[in-house]
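These notes concern the structure reproduced below.
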Amino acid sequence: MKEFGSEDIKLLPGGKAFVSSGFKLSNDGRKNSVGGIYLFDFNKPSEKPLNLLMVDERGQQLPITPHGLSFWTDAASGVTYLYVVNHHNGVESIEKFRYHPEEKKLVRVKQFKDETFHVLNSIHLVGEDQFYFTNYLFFNAYFELFFGLEWGSVGYFNGEHGELVVKGLNIPNGVIMWKNHLVVALSGSDELNVYSVAKDHQLNLERTIPVKTSVDNLSVHPEHDDLILGCHPSPFKFPFHSRNPDAYLSPSQVLRVNDKSEVTEIYSNDGSELSASTVAVLYKDAMLIGSAYTKLLYCQDKTLPQYNVTQLYTTQCDTKSYNTAYHHTTSSQHYTTLHHTYTRWNGKSSDIRDPCLGRNCSFGAKCVASLDGMSARCQCREVCYNYGDSEGSTPICGSDGVDYANTCEMERTACRDMKDVKKKFDGKCDPCREIKCPISQVCKLDSKRQPVCRCFNPCPNNYSPVCANNGKTYVNKCFMDLDACKLSKNLVVISKENCSYENSLCDKKKECDYYADCYNTPKGLTKCICPEWCDKIVKPVCGSDGLTYDNICEMKRRSCLSKHWIRLVEYGMCSKDSENNYRDLGLLTNYCEQFGCQPGAECVVGEDGVECFCANCSSHVTDEVCGTDGRSYRNVCEMKKYSCVNKKTVHVGHAGPCGQNLNCKQSKFGCCSDDGRFESQGPNEEGCPNVKIGKYKVKYEPKWNGLASIQLDIFLFHEQCQCNTFGSVGAQCGAATHACSCKPGVGGIRCDRCVPTYWGFSGILDAQDGCLR
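Structure, rendered in C-alpha cells:
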C-alpha cells in the first residue's frame, strides 16, 4: 500500500497552499507511516507540488503523520508558522513549524501535547499558539464509528493547556472561523454547528445547518465569504476505501454554504476521478480538491468564482491530478457534476442564468443576487469578518497607500468613499515605516518586500581617496560603497585620487533632463542614466500626465524612460478632476520652481495657476523638533507653519526639543560656533546655519592613522552654490545667507547628505520631507 493523499489544504496569501499528505489514524495498523507537507502554487498549476523538507529543532529530518493544518503569520516580522496535527507513533500532538520559503523547508519550533488531545482531527488558529481543535473520536476505536457514539469534542488551547468547551458530538471534523462564529463540521450527523464565541473562548450553539452529506474539512471562499465543504456523499463506502484505496472507490463532493444557510453543490463524482474528497479551496478561477488517500485534483473553470445559489453548474473544465507520494502529474478527463442539488430551485438548471454574470460593480462593491435568482444589484459590504488563516483575512496594502486589515476592509472603504482602490501588495504599504534600524544603517526592502536593516559596514579610517562616478571624493572605497547602498546608486571608482575638474563634471556643470542621474566616465565624459528600480512602497502621487504612481520614484522613472516631463501635481491618488484638469497642464508645475513661495509655504498648482499657502497641521502627530531659530516645535509641520506666517526662514536643527542635543561635542567635527548646539558636518563648520561664504583656503589636519596633514582647497562661490536638488529647499543660493538652505535632517555645504544620527537621503526622492531619524 502506497502512502499518499491530500487530507487538508490551507491557502496562503498570493496563491500558494500547504497540503498535508500521508494521513493515517493509528488504529488502522499503519500508525508509523510517514507523510509530509507539500506546497502547491495556484499561479503555476502545471508544476508538481513541492515536498517541503521538515526538520526538528536540531535540524534532523522529522518523521510525521499529518492531519489537520492551520497557520499564523506574525504581523510584525511577517514570519509564517504552520501548525500540524500529528498522529505519528500513535501519539496525539500538534507541531508548530516556522516556514522558510527561500529554503523550502519547515523547521519545528515547538510541540504541543495535552490530556485533552484524544484523537485530534482539525485545528484553527485564533492567535499565536492559541487554537480550537476537534477530537474526532475518544478511544480511537472503530466501534465508536459503528455505533455512532457521540463521544467527540471541541477544545480550546490557550498556549499552555487545553480545555474541552463542547462535548457529546457525533464525529466532529473540520473547524473554522466564519463571520465571527466558529463552525464545526459533524461528519456523523451530516450537519454544521455554528457557535458564537464568548470572551472566555466558551462556545454557545446558535444554529445548525443540515447539509445531508458527511462533511470533512472546511475553507472560506476568499472573495465571496461563503463556506466551502469537502464531503463524503456515501460515507458507508469510505471505510472500505480507507482499507484498500486501489480496490474500492468512495464518491467525492464539494458544497458551498452562504450566510443564509443555503447549500449548493459545485462538484460531485462517483470516485472514478477522485475518491474520498476531504477539502476544497478556491482561488480566483481555480479549485483544488484534496482526498484522504489518493490524489490532489486541480480544476480551472472561469465560472467557478461566479456560481449562484440557485444554479447547478454542469460546465466541463480542464483538470489536473497530482499524486503527492510519487511527485507525478497526469491529466484526467473532463468532469461534470452529478444531477442532484440542495438549492431551492426545482426547475432545470439550463433555464437559469446567474444575474450577476457579466455585471461589473465599481469601487469594490459586490454583486448580490436576489433570493429568487431573477435580479441582482451592487452593494457595499456592511461588515467584514476575520477568517483567521484564510487568504482573504491577511493585511494588505491598497493602491491608495493605506494599510488595510484585509481585502474586505479595503473594498468596503473604497465602496463607501467611491474610490477605485485595488490591492497592491500583501502586507504593509511601507514595511520600513515603523522599523528603527541601528545608527548608520538604513531600512531597505528585500526581494520579498521584507524590511531589512542594511548598509552597515564599519569602514576603516585609512585615507585612500577615490573619485566616484558621481563626481564625489570619498575617504576610501568602503565609504563609497556605503553611500551607494544608502542612496541605492550604482557607484564605481573612476580614479584613485581626489576628483579633479575633468572627472567631476556632473558635480560642476552637467544637468540631466527627466530626473536622470548624471554619472562621470573614466574618459572624462558624462552620461545620464535613468533610475534602474524603485522600492516597492506605496506612497501614491498624482503626476501631471493625470496618472497615479506608487511613489515619486516611479513617477520620475516613468518620466525618464519616456523622455517626457512628468511633474508632481499632488500627493495621493489622482481624482477624476485631476485627470481632467492636469493632463494637459504638466508644464504648470514648473511655475512652483519659478514662483518662489515665502519660507515654510507650500506651493500648489491649480487650474487657475499657482498659489502659496501655510500648512494646516491639525492632523499631524506630535514629534518634537528644534528649529534653527532655537524654538521647539510640536512637529515639522508646525515649524513650517510658523516660518510661513512670520515670514522667517526656519529649518530643523535637530530632532527633539531644543536644549537637549548636546552630543555635538563628541561628534567628529564638533559643534557649530553660533550656539554650540548643532553638529558641524565637516571641517570649518561645514553645514552650520551661519556658514561663511567666500573663496578661501583652509588647512585641515584629519587624523588618518597618523598620516601627514592634507592641504585641501575649498572653493565656495555665493554666485553658484550648486545646491543639491533633492536635499535643498531651493536650487539657488539664499538671498540673505548666500548659502544652500537644507531640508530637515540634511547637511553639507550643498545639502547633499544626512546629518549624523539621521538617515535615508535617497528617500527624499520618494516624497520624504528630509532625512529621517
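In terms of UniProt numbering, the sequence shown has 707 at position 707, counting the first letter as 1, and numbering is strictly consecutive.
Glycine included, every Cβ here is placed at the ideal spot set by N, Cα and C.
Values in this document were obtained by computation on a predicted structure and should not be read as measured data.
Is Arg558 near Pro531, with beta carbons less than 8 Å apart? As a position in the sequence shown, residue 558 is number 558, starting the count at 1. As a position in the sequence shown, residue 531 is number 531, starting the count at 1. Cβ atoms of Arg558 and Pro531: not closer than 8 Å.
Is it right to say Asp8 is buried, meaning 16 or more other beta carbons lie within 10 angstroms of its own, or is it exposed? Taking the first residue of the sequence shown as 1, we reach residue 8 at position 8. Burial call: buried.
Segments assigned alpha helix (DSSP H), at least 4 residues, entirely inside the UniProt domain "Kazal-like" (447-501): 477-487
Is the beta carbon of Val175 sitting closer than 8 Å to the one on Tyr132? Within the sequence shown, residue 175 is the residue found at index 175, counting from 1. Within the sequence shown, residue 132 is the residue found at index 132, counting from 1. Yes; because the gap between Cβ atoms is below 8 Å, this pair is in contact.
How would you label Pro460, buried or exposed, when you count the other beta carbons within 10 angstroms and need 16 or more for buried? The count along the sequence shown starts at 1 and reaches residue 460 at position 460. Exposed.
Based on DSSP bridge pairs, tell me the residues matched to Pro172. Here residue 172 refers to the residue found at position 172 when the sequence shown is read from its first residue. Beta-bridge pairing links Pro172 to Leu186.
Rounded to the nearest angstrom, what separates Met418 and Phe363 at their Cα positions? Along the sequence shown, one-based indexing puts residue 418 at 418. Along the sequence shown, one-based indexing puts residue 363 at 363. Going from the Cα of Met418 to the Cα of Phe363 covers about 6 Å.
Tell me the rounded alpha-carbon separation between residue 805 and Asn51. Outside the shown range of the chain, which is 1 to 773, sits residue 805, and nothing can be said about it.
Run through DSSP, which three-state label would Glu638 get? Numbered from 1 along the sequence shown, position 638 holds the residue referred to as residue 638. The answer is helix: DSSP assigns Glu638 an H, G or I state.
According to DSSP, is Arg558 part of a helix, a strand, or is it coil? Walking along the sequence shown from the start, residue 558 turns up at place 558. Looking at Arg558 - three-state DSSP - the assignment turns out to be helix.
Does the region 235-249 come into contact with the region 271-283, if we say contact requires no fewer than three beta-carbon pairs (one atom in each stretch) closer than 8 Å? They touch, by the three-pair rule.
Taking Cβ positions, are Val154 and Ile123 nearer each other than 8 Å? Working through the sequence shown from its first residue, we reach residue 154 at position 154. Working through the sequence shown from its first residue, we reach residue 123 at position 123. Contact flag unset, no.
Which of the three DSSP states is assigned to Pro235 in this structure? The sequence position of residue 235 within the sequence shown is 235, counting from 1. In this structure, DSSP gives Pro235 a helical state, which the three-state scheme calls helix.
If you draw a straight line from the C-alpha of Arg381 to the C-alpha of Ser375, how long is it? Working through the sequence shown from its first residue, we reach residue 381 at position 381. Working through the sequence shown from its first residue, we reach residue 375 at position 375. Taking the straight line joining both Cα atoms gives about 18 Å.
Does the count of Cβ pairs from the region 222-230 and the region 278-288 closer than 8 Å reach three? yes
With DSSP as the reference, label Gly572 as helix, strand or coil. Residue 572 sits at position 572 when you count from the first residue of the sequence shown. Here Gly572 sits in coil by DSSP.
Minimum length 3: unbroken beta strand (DSSP E) runs contained in the region 61-105: 66-73, 80-86 and 93-100
Is Ser291 helix, strand or coil by DSSP? The count along the sequence shown starts at 1 and reaches residue 291 at position 291. Strand at Ser291.
Along the chain, where does the beta strand (DSSP E) containing Met418 start, and where does it finish? On the sequence shown, residue 418 is found 418 positions in, with the first residue counted as 1. Neither: Met418 is in no beta strand (DSSP E) and is coded neither H nor E.
Residues of its chain near Cys534, where Cβ-Cβ distance is below 7 Å and the 5 sequence neighbours each way are ignored: Residue 534 sits at position 534 when you count from the first residue of the sequence shown. So the list reads Asn551, Cys553, Glu554 and Arg557, once near-sequence residues are dropped.
Express the C-alpha separation of Lys422 and Lys641 in angstroms, rounding to a whole number. One-based indexing of the sequence shown puts residue 641 at position 641. One-based indexing of the sequence shown puts residue 422 at position 422. Spanning the two alpha carbons is a distance of roughly 35 Å.
Straight-line Cα distance separating Phe42 from Gln720: Stepping through the sequence shown from its first residue, residue 720 is reached at position 720. Stepping through the sequence shown from its first residue, residue 42 is reached at position 42. Confidence is the limiting factor: at Gln720 the pLDDT is only 48, short of 50, which leaves the residue's position unreliable, though a coordinate-based value still follows. So the alpha carbons of these two residues sit roughly 59 Å apart.
Whole-angstrom C-beta distance between Asn170 and Asp216, which should lie under 8 Å: Indexing the sequence shown from 1 puts residue 216 at position 216. Indexing the sequence shown from 1 puts residue 170 at position 170. Between Asn170 and Asp216 the Cβ distance is about 14 Å, and since that is not below 8 Å, they are no contact.
Is the CB-CB distance between Lys10 and Phe71 below 8 Å? Walking along the sequence shown from the start, residue 10 turns up at place 10. Walking along the sequence shown from the start, residue 71 turns up at place 71. Less than 8 Å separates the beta-carbon of Lys10 from that of Phe71.
Quick check for students: name the residue ranges of the alpha helix (DSSP H) that lie wholly in the region 195-247, counting only runs of 4 or more. 238-243
Can you list, in chain order, the residues of its chain whose CB lies under 8 Å from that of Phe479, leaving out five sequence neighbours each side? Mapped onto the sequence shown, residue 479 falls at position 479. Taken in chain order, the residues that qualify are Cys459.
Taking 8 Å as the threshold (C-beta atoms), are Val442 and Gly770 in contact? Along the sequence shown, one-based indexing puts residue 770 at 770. Along the sequence shown, one-based indexing puts residue 442 at 442. It is not a contact, given that the beta carbons lie outside the stated cut-off.
If we ignore side chains and look at the alpha-carbon of each, how far apart do Lys509 and Gly59 end up? In the sequence shown, residue 509 corresponds to position 509, counting from 1. In the sequence shown, residue 59 corresponds to position 59, counting from 1. Note that Lys509 scores 48 on pLDDT, short of 50, meaning its location in the model is unreliable; the coordinates nonetheless yield the value given after this. Cα to Cα, the separation comes out at about 59 Å.
How many Å lie between Val645 and Cys723 at the Cα? Residue 645 sits at position 645 when you count from the first residue of the sequence shown. Residue 723 sits at position 723 when you count from the first residue of the sequence shown. Going from the Cα of Val645 to the Cα of Cys723 covers about 26 Å.
N- and C-terminal bounds of the beta strand (DSSP E) containing Cys658: By one-based count along the sequence shown, residue 658 stands at place 658. Segment: none, Cys658 is in no beta strand (DSSP E) and carries neither H nor E.
With respect to the beta strand (DSSP E) encompassing Thr278, which residues constitute its N-terminal and C-terminal limits? Here the question's residue 278 lines up with position 278 in the sequence shown. Per DSSP, Thr278 belongs to the beta strand (DSSP E) from Ser277 to Tyr283.
Backbone CA spacing between Asn406 and Ile209 [nearest angstrom]: Stepping through the sequence shown from its first residue, residue 406 is reached at position 406. Stepping through the sequence shown from its first residue, residue 209 is reached at position 209. Distance between the alpha carbons of Asn406 and Ile209 is about 27 Å.
Tell whether a beta-carbon distance below 8 Å holds between Gly572 and Cys614. Residue numbering aside, residue 572 sits at position 572 when the sequence shown is read from its first letter. Residue numbering aside, residue 614 sits at position 614 when the sequence shown is read from its first letter. It is not a contact, given that the beta carbons lie outside the stated cut-off.
Just confirm the distance between the C-beta atoms of Lys489 and Asp517, as a whole number of angstroms; I'd bet it's less than 8 Å. For the purposes of this step, residue 489 is taken as residue 489 along the sequence shown, with counting starting at 1. For the purposes of this step, residue 517 is taken as residue 517 along the sequence shown, with counting starting at 1. Indeed, because the Cβ distance is near 7 Å, the residues count as touching under 8 Å.
Would the beta-carbon of Cys384 fall within 8 Å of that of Cys356? Residue mapping note: residue 384 aligns to position 384 of the sequence shown, counting from 1. Residue mapping note: residue 356 aligns to position 356 of the sequence shown, counting from 1. No.
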